[in-house]
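Asks: If you count the sequence shown from 1, you need to add 882 to reach the working numbering.
We treat Cβ as the ideally placed atom computed from N, Cα and C, and that holds for glycine.
From a predicted model like this one, the values you see are computed outputs, not experimental measurements.
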Amino acid sequence: MSDYFSSVTAVNDSANLSCRGIEDGLADVVANIGSYACQVERCVGILLQRFVYTDSDRCSPKATSLALGILKVFGRQMSDGGEIATQRAISGLLQLANTSYLSSENDSSMSYASDICSDALTCVANAMLLKPECRAYAAEHQCIDTIVDTLGAAGNDSTVLQDVLGQTANTFLNHDDVSTSGKFSSQQVLTEILKAAMGLCGYALKWIHADKISSEKKLVLDDSFPPDKAVDFILLLKVALDTLDKAPLEDHHLASSTKQAVAIVMNFSTIEPQAIRDVWLPKGHMWKHVDTIFGLFKDIVYHVVDTFSDDNNLPSVIADTYQAELTPLMLVLVRLVSEHPDVREHLFYKVYPKDAIDFAVLPENRPGMAAKLVRLMRSPDSGPFSVSTITGDLLLALLGNDIRQFILTVGYGNAAGYMVARHIEIPADIIEQVRESSSESGAVNPVTGRYWSQEDTNQELANMTDEEKEREAERLFVLFERLNKTGIIKTANPVRAAAESGRFEELDDCD
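1. Flag this pair as yes or no: are the beta carbons of Tyr1234 and Ser1270 separated by less than 8 Å?
2. To the nearest angstrom, how far is it from the Cα of Glu1207 to the Cα of Ala909?
3. Of the choices Leu1136, Arg1257, His1171, whose alpha-carbon is the least far from that of Thr1203?
4. Return the CA-CA distance between Lys1254 and Gly1084, expressed in angstroms with no decimal places.
5. For Lys1013, which residues from the same chain have a beta carbon less than 8 Å from its beta carbon, with the 5 sequence-adjacent residues on both sides left out?
6. Span of the alpha helix (DSSP H) holding Cys925?
7. What are the partner residues of His1135, as DSSP defines its beta bridges?
8. Quick one: grab the DSSP three-state call for Ser961.
9. Closest to Asp1110 by C-alpha separation, out of Ala971, Ser1151, Ala1129, Thr1209, would be which residue?
10. On the CB-based measure, 16 or more other CB atoms within 10 Å of its CB, does Asn1149 come out buried or exposed?
11. How long is the line joining the alpha carbons of Met1168 and Leu1278, rounded to whole angstroms?
12. What number of angstroms, rounded off, separates the C-alpha of Ile1090 from the C-alpha of Leu1218?
13. How about Tyr886 and Gly907: are their beta carbons less than 8 Å apart?
14. Just to confirm before moving on: does the CB-CB distance between Leu929 and Ile998 stay below 8 Å?
15. Would you call the stretch 1120-1136 in contact with the stretch 1163-1182, where contact means no fewer than 3 C-beta pairs closer than 8 Å?
16. Which residue from Glu1221, Ser942, Leu1003, Val922 puts its Cα closest to that of Trp1162?
17. Relative to the C-alpha of Gly916, which residue among Lys944, Arg958, Thr1073 is closest?
18. For Ile1200, which residues in the same chain have their Cβ closer than 6 Å to its Cβ, ignoring the five residues on either side in sequence?
19. Quick one: Cα of Ala1079 to Cα of Arg1286, how far?
20. Between which two residues does the alpha helix (DSSP H) holding Ile1272 run?
21. Have a look at Lys944, Leu1072, Ile1153, Gly927 and flag the residue whose alpha-carbon is nearest the alpha-carbon of Ser1139.
22. Can you tell me whether Thr936 is helix, strand or coil according to DSSP?
23. Have a look at Ala1143, Val955, Ser1106, Pro1108 and flag the residue whose alpha-carbon is nearest the alpha-carbon of Lys1077.
24. Roughly how many angstroms separate the alpha carbons of Asp1275 and Gln1070, rounded to a whole number?
25. Could you round the C-beta distance between Ile1410 and Leu1215 to whole angstroms and report it? I think they count as a contact, below 8 Å.
26. Note down, in chain order, each residue of its chain lying with its Cβ closer than 8 Å to the Cβ of Asp1059, except the 5 sequence neighbours on either side.
27. Determine the extent of the alpha helix (DSSP H) in which Asp906 is found, giving its start and end residues.
28. Classify Pro1223: buried if its beta carbon has 16 or more other beta carbons within 10 angstroms, exposed otherwise.
29. Keeping to the same chain, check which residues put their C-beta closer than 6 Å to that of Ile952; ignore five residues upstream and five downstream.
30. Would Leu948 and Glu905 qualify as a contact pair, given that the criterion is a beta-carbon distance under 8 Å?
31. Using the beta-carbon count (16 or more within 10 Å), is Asn988 buried or exposed?
32. How big is the Cα-Cα spacing for Ala1310 and Leu1290?
33. Which residue wins for smallest C-alpha separation from Tyr1294, given the options Asp939, Val922, Arg1260, Asn1283?
34. For Ser938, which residues in the same chain have their Cβ closer than 6 Å to its Cβ, ignoring the five residues on either side in sequence?
35. Near Tyr994, which residues of its chain fall below 6 Å by C-beta distance, leaving aside the five closest residues on each side in sequence?
36. Starting from the Cα of Leu1131, find the closest Cα among Glu1307, Leu1118, Gly1177 and give me that residue.
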């Protein structure tokens, strides 16, 4: 029996070949693949015509799998990808990858379907890397969406898809001169690829956790790749972290590609397995990614607090404009700080530089990052994933989850809303400290986070405008109502009592 290409040439139409003849002929090509070095272009054209553009020789899953495996090898031998890098070939290969699973009828054909999908997508990945115009076409014609849809049919066999997405994203990330058609910039293409990668993670997690969730229940936020599966997607983690390192902020906002990258890294633990840990904390440059993520977060926090701190609408500004950017960054930082003592110490001194905690000044008025985080935490929006609540999580994690130290450092007045949201009780020794140490000049008032000796409430009230007094009274009223409602304290609301006794005078709107 001669090889497949010789048979096709001899009969001029492989329809005259039996399915067994096609399979045996292709197997012979595989066994002698090196002898076709001078015929690659012709052979690629035959395979595309008979297996990709048409189904004339797709007589069996085995034959199609053999043909795609040969096409994959030949595709690497053409400097510009050859015909494989054309729009027609890419579209056909993606469609073939997508339908291979849908047409599988049993376990045997499913095995071949996996190989067909893998080889077809590898051909696409090779073409994207070899021919810039091919990458632009893939982005502009929703080819990445087709790749993600393929994962829905492929089930948990998804590692080849992350190779395609990871390699392509890496190309656009590291080469500014990548050519596109002019309709889209490289950053726009990168964003779409990372968006598809995020979709890939979602599909994969759905399959991995299929035994834990019903088909009607959406994946919960804290689902992540288990250690034995995370390494399969390590390329996506690397590309996402590299995107964070290289994509600058755009007017104090995360770039679209950066938002997708943060969403991807949230799917990975930072501590295990070791290969994943080494990606997060690379040897020789341990703080590379940690400092990048913290730097992005810090820039946005400074901008938000400095720009809107005097604005009564600060909570709504955060919720409407910055919630989707700050919360994911903080969730990643909380995970890093909680899982790595070295990271906690490293970031602690970025928030609280050595000897910089001045207890003579209110925590929210101190210079630097710590005060700005306290101001964010004071926001009345206390949902479980609000900026104020996650800010409290980050501060508490930085302080070693020591609630007593947390209260002394930020002040209970600032921490109360967060503690209510997280159902954290006041330590008994803090209450005793309020009773016993108010006369000690070196003691810290845990309510304000400042030395007792620095408290001069009457002078502070005298310096406040009527509007500032009214806002502070409203804040205290809401705080005491929440504390009573949750059972943290049971006492009369002093603001309500003062109002009912006539000690408060309501201001006219025109005053």
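Replies: On the basis of the supplied data:
1. Locating residue 1234 in the sequence shown gives position 352, where the first residue counts as 1. Locating residue 1270 in the sequence shown gives position 388, where the first residue counts as 1. Cβ atoms of Tyr1234 and Ser1270: not closer than 8 Å.
2. Residue mapping note: residue 1207 aligns to position 325 of the sequence shown, counting from 1. Residue mapping note: residue 909 aligns to position 27 of the sequence shown, counting from 1. Computed Cα separation, rounded: 53 Å.
3. Here residue 1203 refers to the residue found at position 321 of the sequence shown. For Thr1203, the nearest C-alpha among the options comes from Leu1136.
4. Walking along the sequence shown from the start, residue 1254 turns up at place 372. Walking along the sequence shown from the start, residue 1084 turns up at place 202. Near 34 Å, if we compare the C-alpha coordinates of Gly1084 and Lys1254.
5. Counting from one through the sequence shown, the residue named residue 1013 turns up at place 131. The residues are Asp962, Gly963, Ala967.
6. Mapped onto the sequence shown, residue 925 falls at position 43. From DSSP, the alpha helix (DSSP H) with Cys925 extends over 922-929.
7. Taking the first residue of the sequence shown as position 1, residue 1135 is located at position 253. Answer is Glu1132.
8. As a position in the sequence shown, residue 961 is number 79, starting the count at 1. Note: Ser961 maps to coil in three-state DSSP.
9. Counted from its first residue, the sequence shown places residue 1110 at position 228. The option with the nearest alpha carbon to Asp1110 is Ser1151.
10. Here residue 1149 corresponds to residue number 267 of the sequence shown, with the count starting at 1. Looking at its Cβ environment, which holds 16 or more other Cβ atoms inside 10 Å, Asn1149 is buried.
11. Along the sequence shown, one-based indexing puts residue 1168 at 286. Along the sequence shown, one-based indexing puts residue 1278 at 396. Taking the straight line from one Cα to the other gives about 23 Å.
12. Here residue 1090 refers to the residue found at position 208 when the sequence shown is read from its first residue. Here residue 1218 refers to the residue found at position 336 when the sequence shown is read from its first residue. If I take the Cα positions, the gap works out to 23 Å.
13. As a working note, residue 886 is residue 4 in the sequence shown. As a working note, residue 907 is residue 25 in the sequence shown. Yes, Cβ-Cβ distance for Tyr886 and Gly907 is below 8 Å.
14. Residue mapping note: residue 929 aligns to position 47 of the sequence shown, counting from 1. Residue mapping note: residue 998 aligns to position 116 of the sequence shown, counting from 1. Not closer than 8 Å, so no.
15. yes
16. As a position in the sequence shown, residue 1162 is number 280, starting the count at 1. Nearest of Glu1221, Ser942, Leu1003, Val922 to Trp1162, Cα basis: Glu1221.
17. If you number the sequence shown from 1, residue 916 lands on position 34. Comparing Cα positions, the closest option is Arg958.
18. Start at 1 with the first residue of the sequence shown, and residue 1200 comes out as number 318. So the list reads Val1269, once near-sequence residues are dropped.
19. On the sequence shown, residue 1079 is found 197 positions in, with the first residue counted as 1. On the sequence shown, residue 1286 is found 404 positions in, with the first residue counted as 1. Their Cα atoms are separated by approximately 42 Å.
20. As a first step, residue 1272 is located in the sequence shown; it is residue number 390 there, counting from the start. First-last of the alpha helix (DSSP H) with Ile1272: 1269-1280.
21. On the sequence shown, position 257 is the one that residue 1139 refers to. Comparing Cα positions, the closest option is Leu1072.
22. The sequence position of residue 936 within the sequence shown is 54, counting from 1. Three-state DSSP puts Thr936 in coil, outside helix and strand.
23. As a position in the sequence shown, residue 1077 is number 195, starting the count at 1. The option with the nearest alpha carbon to Lys1077 is Ala1143.
24. Residue 1275 sits at position 393 when you count from the first residue of the sequence shown. Residue 1070 sits at position 188 when you count from the first residue of the sequence shown. Computed Cα separation, rounded: 34 Å.
25. Residue 1410 lies beyond the range of the chain shown here (883 to 1393); nothing can be said about it.
26. In the sequence shown, counting from the first residue as 1, residue 1059 sits at position 177. Confidence at Asp1059 is low in this model, with a pLDDT of 47, below 50, so the placement of that residue should be treated as unreliable; the coordinate-derived value is given next. Closer than 8 Å at Cβ, skipping near neighbours: no residue.
27. For the purposes of this step, residue 906 is identified with residue 24 of the sequence shown, where counting begins at 1. First-last of the alpha helix (DSSP H) with Asp906: 901-913.
28. As a position in the sequence shown, residue 1223 is number 341, starting the count at 1. It is exposed - the Cβ of Pro1223 has fewer than 16 other Cβ atoms within 10 Å.
29. Taking the sequence shown and counting its residues from 1, one reaches residue 952 at position 70. The residues are Val911.
30. Taking the first residue of the sequence shown as position 1, residue 948 is located at position 66. Taking the first residue of the sequence shown as position 1, residue 905 is located at position 23. Cβ distance < 8 Å, so Leu948 and Glu905 count as in contact.
31. On the sequence shown, position 106 is the one that residue 988 refers to. Confidence at Asn988 is low in this model, with a pLDDT of 49, below 50, so its placement is unreliable and the value that follows should be read with caution. Per the 10 Å Cβ criterion, exposed.
32. Against the sequence shown, residue 1310 aligns to sequence position 428. Against the sequence shown, residue 1290 aligns to sequence position 408. Spanning the two alpha carbons is a distance of roughly 13 Å.
33. Here the question's residue 1294 lines up with position 412 in the sequence shown. It is Arg1260.
34. Position 56 of the sequence shown holds residue 938. Same-chain partners within the cutoff: Arg932.
35. Translated into positions along the sequence shown, residue 994 becomes position 112. Result list for Tyr994: Pro943, Lys944, Ser947, in chain order.
36. On the sequence shown, residue 1131 is found 249 positions in, with the first residue counted as 1. The option with the nearest alpha carbon to Leu1131 is Gly1177.
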